[in-house]
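Residue numbers (our numbering): 7 to 676.
The C-beta atom is built at its ideal place from N, Cα and C for all residues, glycine as well.
Nothing here was measured: the structure is a model prediction, and the numbers come from that model.
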């Protein structure tokens with residue numbers, strides 16, 4: 007289905023000199039739906055929801071032995087216990103490297119059996135007692151379990167509240183455990199052929215309320231994975247003399263800014279956290295769509311903090327991610343930034359600021375574990391941890407695409423780059439500040455100060471996000487400075503606390519505003535694949551010059567967006583929900599174009615000259631869009647002359663109706 011996504015492979019040569027042969031490898035979109043029928047039909051669920059036994063069976067190639075997933079003496083649920091270790095044995099390239107250069111780790115959650123009243127907390131590494139069950143342990147199984155469990159526990163104990171929701175605690179008498187009544191089938195050495203060491207890490211107790219909260223937090227899962235990886239390095243160091251080189255953390259505060267000759271990408275060095283490594287250099291990746299990244303460029307030196315790309319086209323949007331590297335490997339990438347360099351210096355300068363860094367379990371999608379599969383969404387008894395559905399840290403892309411569709415350039419950065427004065431708002435005509443659904447700390451004193459100074463200098467602000475008005479104006483909690491900023495700079499008020507949730511996910515333009523004539527739209531209610539906007543704010547326009555520009559659906563006239571054009575400071579457009587969650591790309595582009603037109607620099611005539619005969623030639627420059635030209639004999643009485651469409655470059659207009667009248671004045675209006 008090309009409308010939903012497709013890869014087209016062709017040997018049609020687009021131009022001379024291109025070869026006629028195509029070599030294609032395999033490609034897969036997602037994991038597919040369960041296809042294994044075992045007497046009751048297929049599950050109807052995605053493969054990743056099924057047990058390991060069916061996953062392995064569906065993923066094996068032709069001719070693979072069935073014993074990997076199917077022991078004829080066992081039922082499927084028992085097969086599932088040892089199928090992963092049998093698959094590890096099958097996939098192991100024994101001739102490559104030595105015994106210690108491969109390991110098996112299973113990650114489980116634990117249960118005390120005491121229900122939600124359980125006090126048991128923390129991680130445990132599992133091993134088999136070879137004295138009780140001969141042949142079931144691997145050679146260094148106990149030590150592998152001990153190293154990983156200890157490293158996870160020590161790493162997580164160092165992390166404070168916040169960012170943890172509750173403190174990490176391990177109240178077990180030992181960090182390792184072997185049963186006395188049976189051997190763990192998933193890590194039996196005899197089923198593994200003794201080809202590698204194996205352990206299971208019981209990460210935490212899912213029947214303990216505090217542990218369950220931590221395990222549902224995407225940040226915590228990442229930190230558990232990081233500590234486990236570092237423990238593997240320690241294991242390989244002990245048994246195979248592998249150097250203790252650990253991956254660095256991702257670079258911070260990445261920003262992309264256009265220069266006269268290209269695009270400059272800058273970053274701050276990562277902060278080391280519990281045994282993470284020091285960068286020896288960096289790799290910068292580039293993309294034109296913001297999602298598929300390639301063209302890596304290495305930047306040598308751990309102190310490096312900048313690269314300038316000169317092989318970029320003007321009037322084209324590019325997106326960048328930066329990773330830190332050292333002898334241990336490559337970090338996760340940074341958040342995505344973007345930039346579009348203008349070919350016309352007369353265009354308004356736009357800065358996108360990512361102010362959305364919330365990443366916690368409270369925004370998890372939900373689901374009911376029913377027989378008939380329904381995708382995770384905004385309801386259900388069970389939380390699903392899908393990090394991209396919490397925050398993908400690439401929302402510069404939908405903003406950048408919409409800005410580019412309007413023909414304007416843009417730079418981008420994250421909020422700390424602004425409050426640290428690495429990027430000055432006052433260098434721009436327009437700032438687009440994306441708050442996503444940040445619950446707290448949307449605009450503290452550093453943010454308020456830089457935004458206020460920008461607006462007082464005539465800068466225009468497009469702010470979107472849920473929870474902003476709630477953060478700044480709920481009945482209890484906000485300071486007087488918070489409320490003043492919302493009222494005087496954003497020209498809005500929350501009103502009663504009930505306005506914290508519009509309970510509606512559609513919006514429509516208000517007649518007589520900058521959005522008049524636009525189609526209505528919808529934003530993500532948790533079922534659209536962007537992220538769930540849990541509580542869109544209802545806004546109250548405040549002060550002279552502020553008016554409702556968008557309303558939520560469902561009747562009642564609840565205000566979803568405000569526009570402001572008054573005597574105080576620059577213009578403002580403020581939405582009570584995030585721009586990036588609007589589900590239709592064309593609608594995003596239409597509304598962004600209206601905002602940018604509302605904020606546009608005044609056009610200017612760069613040159614006027616007499617042409618042949620009774621004509622005047624004028625050169626008009628300004629932001630892309632339609633302009634109305636008027637003429638006047640006295641600067642008082644103006645008459646319509648013509649409409650013109652401005653592209654990326656100045657346009658020349660000829661007035662062939664000019665006569666020998668003593669004077670004629672011209673002006674251009676948006």
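Neighbour-count burial assignment, residue i, 16 or more Cβ in a 10 Å radius
i, result
"residue 520", "buried"
"residue 448", "buried"
"residue 110", "buried"
"residue 102", "exposed"
"residue 214", "buried"
"residue 497", "buried"
"residue 423", "buried"
"residue 265", "exposed"
"residue 78", "exposed"
"residue 405", "buried"
"residue 29", "exposed"
"residue 301", "exposed"
"residue 692", "With the chain represented from 7 up to 676, any question about residue 692 goes unanswered, as that position is not in the structure."
"residue 48", "exposed"
Closest residue to residue i among the options (Cα-Cα distance)
i, options, result
"residue 276", "245, 328 and 648", "328"
"residue 410", "419, 445 and 353", "353"
"residue 421", "150, 457, 397 and 473", "457"
"residue 270", "480, 313 and 554", "313"
"residue 675", "604, 70, 560 and 266", "604"
"residue 523", "117, 596 and 123", "596"
"residue 148", "33, 264 and 204", "204"
"residue 127", "554, 369, 82 and 163", "163"
"residue 171", "81, 262, 223 and 125", "223"
"residue 63", "79, 44 and 50", "44"
"residue 235", "337, 446, 58 and 461", "337"
"residue 506", "529, 473, 538 and 489", "473"
"residue 466", "451, 432 and 477", "432"
"residue 407", "334, 350, 454 and 321", "321"
"residue 525", "557, 537 and 547", "557"
"residue 335", "478, 501, 426 and 239", "239"
"residue 480", "471, 231 and 504", "504"
"residue 241", "122, 107 and 461", "107"
"residue 515", "398, 169, 459 and 553", "553"
DSSP three-state assignment for residue i, whether helix, strand or coil
i, result
"residue 287", "strand"
"residue 405", "helix"
"residue 107", "helix"
"residue 229", "helix"
"residue 74", "helix"
"residue 383", "strand"
"residue 376", "coil"
"residue 162", "helix"
"residue 52", "strand"
"residue 148", "helix"
"residue 353", "coil"
"residue 44", "coil"
"residue 174", "coil"
"residue 241", "helix"
"residue 302", "strand"
"residue 136", "coil"
"residue 316", "coil"
"residue 638", "strand"
Cβ of residue i within 7 Å of any chain B Cβ
i, result
"residue 156", "Considering every chain present, this structure includes no chain B. It has just one protein chain."
Residue i Cβ short of 6 Å to the ligand ADP heavy atom set
i, result
"residue 178", "For the ligand ADP, the structure offers nothing, since it holds no ligand at all."
Quick one: complete beta strand (DSSP E) runs, 3+ long, within the segment 477–502? Considered as a whole, the segment 477–502 harbours no complete run of any beta strand (DSSP E) with no fewer than 3 residues.
Length at least 3, wholly inside the segment 318–349: the beta strand (DSSP E) runs in chain order: Qualifying beta strand (DSSP E) stretches, in chain order: 323–332 and 343–346.
In chain order, what are the residue ranges of uninterrupted beta strand (DSSP E) at least 3 long that sit wholly in the segment 567–631? Whole beta strand (DSSP E) segments, 3+ residues: 578–581, 610–616 and 622–627.
Whole alpha helix (DSSP H) runs in the segment 195–230 with 4 or more residues, listed along the chain? Runs of alpha helix (DSSP H) with 4 or more residues, each lying fully within the segment 195–230, are found at 195–198 and 215–221, listed in chain order.
At least 3 beta-carbon pairs within less than 8 Å: the segment 195–205 vs the segment 127–141: By the Cβ rule, the segment 195–205 counts as touching the segment 127–141, because three or more pairs are nearer than 8 Å.
Segment contact flag, the segment 62–79 with the segment 89–99, C-beta cutoff 8 Å, min 3 pairs: The segment 62–79 makes contact with the segment 89–99, as at least three CB pairs between them are under 8 Å.
Could you name each continuous beta strand (DSSP E) segment of 3 residues or more that falls completely within the segment 399–459, going from the start of the chain to the end? For the segment 399–459, whole beta strand (DSSP E) runs of length 3 or above, ordered along the chain, are 417–420 and 436–440.
Taking contact to mean 3 or more Cβ pairs, one atom from each stretch, closer than 8 Å, check whether the segment 656–665 and the segment 614–624 are in contact. By the Cβ test, the segment 656–665 is in contact with the segment 614–624, since at least three Cβ pairs between them sit closer than 8 Å.
Tell me whether the segment 361–370 and the segment 434–442 touch, counting them as touching only if at least three CB pairs, one residue from each stretch, are closer than 8 Å. They touch, by the three-pair rule.
Would you be able to state if there are at least three C-beta pairs under 8 Å between the segment 305–312 and the segment 276–288? In short, these stretches touch, since the Cβ pair count reaches three.
Every unbroken beta strand (DSSP E) inside the segment 255–299 [3 residues or more]: Runs found: 258–264, 269–274 and 287–293.
Pair every Cβ in the segment 636–643 with every Cβ in the segment 568–584, then say whether three or more of these pairs are closer than 8 Å. At 8 Å Cβ cutoff, the stretches do not touch.
Counting pairs of beta carbons, one from the segment 485–495 and one from the segment 559–573, are three or more of them closer than 8 Å? With the cut-off at 8 Å, the segment 485–495 and the segment 559–573 do not touch.
Hey, which unbroken runs of the alpha helix (DSSP H) at 4 residues or more fall wholly within the segment 534–569? The qualifying runs do not exist here; there are none.
Any 3 or more C-beta pairs closer than 8 Å across the segment 376–394 and the segment 608–623: These segments do not touch.
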